[in-house]
Amino acid sequence: MLQNLRIGTKLTAFLIIAFLISIAVSGFFLSRAMNQKAEAEIEMRAEMLTGVMNSVRRYTSAYVAPKLRQQLMTEPEFISETVPAFSARTVFENFRKMPQFSSYFYKEATLDPTNPLDKADGFEQGLIAKFRDDPSLKILSGYRELNGESLFYTARPLSITKGSCLQCHSTPEAAPKSLIATYGSEHGFGWKMGEIVTAQTVYVPSDEIFARGHRYLMMAMGIFFGVFAVGTTLLILQIRRTVVRPIQRLTTAARAIGSGAATAEQLTVFDQPDMQQLAAQGDEPGELARSFQAMAHEVADREQNLNVAVRERTQKLELALEDARQARRDAEEANQTKSQFVANMSHELRTPLNAIIGYSEILIEEASDDGNTQYTPDLDRILNSGKHLLALVNDILDLSRIEAGKMELYLENFPICRELRAVVDTARPVIEKNQNQLDLVCDDSLGGMTGDLTKFRQIVLNLISNAAKFTHEGTLTVTVGRQGGDQFTIAVADTGIGMSPEQLSRLFQVFSQADASTTRKYGGSGLGLSISRHFARMMGGDIAAESTEGVGSTFTVTLPFQVVLEESSAPVAGAESAEVPTNVPVAAGADAETILVIDDDPAVHDLLQRSLARAGYRVIVAGSGQEGLALAKTERPDFITLDIMMPGMDGWSVLTALKSDPALKDIPVFVLTMTSEKSLGYALGAAQFLTKPVNREALLGLLRQYARHPAVCRVLVIDDDATNRDLLRRVLEGESIETFEASDGQSGLDWLAAHPMPDLVILDLMMPNMDGFAFVDALRKKPEYDRLPIVVLTAKTLTEEDRRRLSLRVEHIIERNGQSEADVIACLHDQICAHGKKER
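Residues 151 to 990, numbered by my numbering, are exactly what the sequence shown covers, in order.
Okay, structure coming up:
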């Protein structure tokens, strides 16, 4: 606290404390001095009184007593020797009548007096003894207690100096008869010449001494206090004027500099007249002021130099920033050019690859049909090389999209183990190429995943292919297991060549393989693992690797059961993948369904015409978007395949026009393209989305899935809202769909038990008695209804737990939140087309 006080306050406090201490010390010593002075004054007065009385005694004895001797002889009762003592006492009593001596008391304290009143007490006897012991003592003074009162005494010795004294005090015989008659003969005799027999003692009450000392003290202290107070005040004022105030002015100016607020103009405060006057002083504040002036001038110079440097540096920084911005624009432009070039090159590369792969498949099929099996191995090599080259092109395109931040997820529900088996089947040729075996350990009770199925397949296929490539006559093991409550792992282990720690550290780097010899010996672009890890992380997972050189490697991918899109309100719950049919019609009948192929590539026209015609379809082609729209209006095809990247009117514009035309909007459109913007395609109304080169069997499977069926589609609507049921019934019956109704889950179960199985169930979730969740639980426990498609139509905002509960148990979820009625009906129509017309 003391450290925070200002110097003026500290100085004032110090002087006040010093003043009080001085008062206390001075008072103590002055009190003693004043008491001593009072005692000395009392001693002086007592000595004066004693001297006066002794003078009177001597005068009376020398001059008065002889003149009275004749009378003393004639009057026995008068004692001539008592005249001196009587005179002395009378004089003292007269003095006592004066105010300054009124409290004085006199006693001739004698060891063996004639008059008993003069008998010395014990204290006085001690005084006489001291005088006898030291004849040089002239006076003794001090304090004593007598009858409970404190007295100050002054004592002088009285000795026998004249023979006249012995006339009364030598022997009783020599003493006057009147003395003997008055006082007797027992006391007051035997005195000798020169002997000290009496202490002339003057007593004064000590209160008077102290009162006198107190008066002296108060007078001295008053003078001292006044002088010291005036001096201290003048000193404080002088110090404040010459020290404190200059320091305060310097402090104020220094604070402005220290806080960074001082400018060159503000620093001129040190050059003002009062500061110049202060700096002219020769004392410490003057020296401090001169130092501050020098500092202020230096700060002003530095500020000026700093401002110049800042302006120069700012100009350089602005130029550098402009250069950086220009470099960034150049880099972005170059990156955009590179991305566009990669996209164009990928399109240009995949266009001939599409023809190579497509024609290879047709040639293999025709060679097999014609019995020319000797060409099959060569055609297989062409097909496999084309697919390998296509995989490399796809990896480069994926990397370009990843770098550009344009890679998107399309979420759908799928069973994990089923898809893994499909991937294993796809990778079987790669596995068996090096005489490897693969063991898949996956329990179907693991359930399903809501994620991007295409990227899921690509991740697993890349890991299995990578393991098979570096393993010869070994074993690959794919193990699937649950990790916690919301994640699962897929571990791909091999008994291949393994990797060193240094190779493992750069494993997931782009274009990286173990070493240069690995690339030469095993091939590959070095992109597969990097892309796979990026896909896994996009879905909220990751890939880790462990390896021992010469023993093998294990790649573990961790994925969530439920992938959540960052920029969408909920995942898209898609239908299960279509089953690829094994039997396809070879020839077209009279009522063959018509397929319109819209693509600017003649090779695609030829490939699809030959492939689809062999499957029994009538194929018409259009080389542009405008021609495709015209043919769609005139031919009214059953299906349309649509390319996206076309000159003039692109595929998105064609798709928008088709879905905007009431006469054409219900025709299923299959997007066949090299782009991967599924979300946009489905948003515009595409029925399915296939990436070129199109797998012939997959396309035929989709066509059969959406094909016309002679039987009338039967749909059961379960909803507690009669208005909703009536609306759905009227819309569906307008599409020639036979509709049945139930008001809650239990009513729906009762209807199913009493009627043939419908083709589709449209289910609400929030219902009394038995809600939609309980209905699904009860229905899936009945084996006969295991494959009955259920489409959920609800206004409930679904939680993650709700979605997990419905995952893999319903075909599709349609939420009314934020959707128009037309959108809901259109989505229902697509689901009925996809599920309600399957052969059972």
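Cβ atoms here follow ideal geometry from the backbone N, Cα and C, with glycine treated the same way.
**Q.** Boundaries (first-last residue) of the beta strand (DSSP E) holding residue 562
**A.** Residues 562-565.
Q: Look at the Cβ atom of residue 744, then the Cβ atom of residue 789, and state whether they are nearer than 9 angstroms.
A: A distance below 9 angstroms separates the beta carbons of residue 744 and residue 789.
**Q.** Cutoff 7 angstroms; reference residue 164; Cβ partners in own chain excluding five residues on either side
**A.** None.
Q) Do you know offhand how far residue 734's Cα is from residue 752's? A) Unreliable placement is indicated for residue 734, whose pLDDT of 33 sits below 50; the coordinate value is still reported in the next sentence. So the two alpha carbons sit approximately 25 angstroms from each other.
Q: Please determine if the stretch 900-918 and the stretch 519-527 are in contact, where contact requires at least 3 C-beta pairs separated by less than 8 angstroms.
A: Counting Cβ pairs under 8 angstroms, fewer than three are found: no touch.
Q | Cβ pair count under 8 angstroms reaching 3, the stretch 593-609 against the stretch 552-570 | A | Using a Cβ-Cβ distance cut-off of 8 angstroms, the stretch 593-609 and the stretch 552-570 are in contact, since at least three pairs of beta carbons, one from each stretch, lie closer than that value.
Q.
Can you look up residue 223 in the DSSP assignment and give me helix, strand or coil?
A. The predicted position of residue 223 is uncertain, since its pLDDT is 48 and thus under 50; no value can be drawn from it.
Q) Shortest alpha-carbon distance to residue 613 belongs to which of 383, 547, 658 and 207? A) Cα-wise, what sits closest to residue 613 is 658.
Q. How far does the beta strand (DSSP E) with residue 839 in it reach, from first residue to last?
A. Note, residue 839: beta strand (DSSP E), 838-841.
Q.
Using CA atoms only, rank isn't needed, just tell me which of 270, 635 and 761 is closest to residue 515.
A. Distances from the alpha-carbon of residue 515 to those of 270, 635 and 761 put 761 closest.
Q. Is it a yes or a no for the stretch 256-269 touching the stretch 331-339, going by three-plus beta-carbon pairs under 8 angstroms?
A. Taking 8 angstroms as the limit for Cβ pairs, the verdict is that the stretch 331-339 does touch the stretch 256-269.
Q) In terms of DSSP beta bridges, what is residue 247 paired with? A) In the DSSP output, where bridge partners are listed per residue, residue 247 has none listed.
Q | Alpha-carbon to alpha-carbon, residue 538 and residue 750 | A | Residue 750 and residue 538 have their alpha carbons spaced roughly 25 angstroms apart.
Q | Three-state class that DSSP yields for residue 537 in the structure shown | A | Shown here, residue 537 sits in a helix according to DSSP, grouped into three states.
Q. With which residues is residue 599 paired in a DSSP beta bridge?
A. Beta-bridge analysis with DSSP links residue 599 to 564.
**Q.** Residue environment, residue 837, which counts as buried when at least 16 other CB atoms sit within 10 Å
**A.** Flag for residue 837 reads buried.
Q. Quick one: Cα of residue 617 to Cα of residue 628, how far?
A. The straight-line gap separating the alpha-carbon atoms of residue 617 and residue 628 is approximately 10 angstroms.
Q. Exposed or buried, residue 166, counting other C-beta atoms within 10 Å across all chains shown (16 or more means buried)?
A. Residue 166 should be labelled exposed.
Q. Using the C-alpha atoms, what's the distance from residue 580 back to residue 622?
A. Between the alpha carbons of residue 622 and residue 580 lies a gap of roughly 11 angstroms.
Q | Identity of the residue in 896, 394, 640 and 797 nearest residue 436 by Cα | A | When each option's Cα is compared against that of residue 436, the closest is 394.
Q.
I want to see whether chain B comes within less than 9 angstroms of residue 847, judged by CB atoms only; does it?
A. Chain labels in this structure do not include chain B; a single protein chain is all it has.
Q | With 16 other Cβ atoms within 10 Å as the buried cut-off, status of residue 350 | A | In this structure residue 350 is buried. Its beta-carbon is surrounded by 16 or more other beta-carbon atoms within 10 angstroms.
Q: Would you mind giving the Cβ-Cβ distance between residue 203 and residue 238, rounded to the nearest angstrom? I have them listed as a contact below 8 angstroms.
A: Residue 238 and residue 203 do touch by the CB rule: their CB atoms are close to 4 angstroms apart, below 8 angstroms.
Q: Taking all protein chains shown into account, decide if residue 889 is buried (16 or more other Cβ within 10 angstroms of its Cβ) or exposed.
A: Burial check for residue 889: the Cβ neighbour count within 10 Å reaches 16 or more, so the residue is buried.
Q: Specify whether the stretch 872-886 and the stretch 768-782 touch according to this definition: at least 3 beta carbon pairs, one from each stretch, less than 8 angstroms apart.
A: Segments in contact, no.
Q: Give the C-beta separation of residue 625 and residue 589 to the nearest angstrom, bearing in mind that I take them to be a contact with Cβ-Cβ under 8 angstroms.
A: So it is a contact: roughly 7 angstroms between Cβ atoms.
Q | Rounded separation between residue 794 and residue 804 - CA only | A | Whole-angstrom Cα-Cα distance: 9 angstroms.
Q: Could you pull out every residue in the same chain whose Cβ sits closer than 8 angstroms to the Cβ of residue 292, ignoring the five residues on either side in sequence?
A: The beta carbon of residue 292 is closer than 8 angstroms to those of 302 and 303 in its chain, skipping five residues each way along the sequence.
Q.
Let me check one thing: in DSSP terms, what residues is residue 291 bridge-paired to?
A. DSSP lists 304 as partners of residue 291.
**Q.** Uninterrupted beta strand (DSSP E) stretches inside the stretch 752-809 (no shorter than 3 residues)
**A.** Whole beta strand (DSSP E) segments, 3+ residues: 768-772 and 789-792.
(Q) Please return the same chain residues whose Cβ sits closer than 8 angstroms to the Cβ of residue 681, not counting the five positions on each side in sequence. (A) 545, 548, 549, 552, 608 and 612.
Q: Report the partner residues of residue 260 according to the DSSP bridge assignment.
A: Note: residue 260 sits in a beta bridge opposite 269 and 348.
Q) For residue 961 versus residue 948, is the C-beta spacing smaller than 9 angstroms? A) Not in contact: residue 961 and residue 948 (Cβ atoms no closer than 9 angstroms).
Q: Can you tell me which of 543, 518, 318 and 511 puts its alpha carbon nearest to the alpha carbon of residue 1048?
A: This structure cannot speak to residue 1048, because the chain is shown only from 151 to 990.
Q. Given that a residue counts as buried once 16 or more other Cβ atoms are within 10 Å of its Cβ, and exposed if not, what is residue 1001?
A. Since the first residue of the chain shown is 151 and the last is 990, residue 1001 is not available in this structure.
Q. Between the C-alpha atoms of residue 578 and residue 619, what's the straight-line distance to the nearest angstrom?
A. Answer to the nearest angstrom: the Cα atoms are 12 angstroms apart.
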